[in-house]
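Residue numbers (full-length UniProt numbering): 1 to 77. Don't be surprised by glycine CBs; every beta carbon is placed ideally from N, CA and C.
Structural data, given as structure tokens:
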């Protein structure tokens, strides 16, 4: 999951603060997840929604990005 989180954040030119504001997940937790820490299901769902990707893709269980009608991706395009 760490590679997809950081990859998306960089691709969308977002800071951890941007993601924190969109998800309500602490900056410390987000940084921990980017370094390989694995969140429980609720944070995964919040992050996936914010990035407009499927939770399964986010954690590496699927190659289909899908979407979850999130906000960050659509806001930054």
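**Prompt:** Who are the near neighbours of residue 8 in its chain, counting only those whose CB is closer than 6 Å to its CB and skipping five residues on each side?
**Reply:** Taking the chain shown and counting its residues from 1, one reaches residue 8 at position 8. Hits under 6 Å: 51.
**Asked** Quick one: what's got a C-beta closer than 8 Å to residue 17's C-beta in the same chain, skipping five residues either side?
**Response** As a first step, residue 17 must be located in the chain shown, where it is residue number 17. In chain order, 27 place their CB closer than 8 Å to the CB of residue 17, counting only its own chain and leaving out the 5 sequence neighbours on each side.
**Request:** Pull up the CB-CB distance for residue 6 and residue 34, whole angstroms please, since I reckon it's below 8 Å.
**Result:** Start at 1 with the first residue of the chain shown, and residue 6 comes out as number 6. Start at 1 with the first residue of the chain shown, and residue 34 comes out as number 34. With a Cβ gap of about 5 Å, residue 6 and residue 34 count as contacting.
**Request:** Mind listing, in chain order, the continuous alpha helix (DSSP H) runs of no fewer than 4 residues lying wholly within the segment 7–44?
**Result:** 16–23, 27–34
**Prompt:** Are the beta-carbon atoms belonging to residue 41 and residue 4 less than 8 Å from one another?
**Reply:** The count along the chain shown starts at 1 and reaches residue 41 at position 41. The count along the chain shown starts at 1 and reaches residue 4 at position 4. Not a contact, by the Cβ cut-off of 8 Å.
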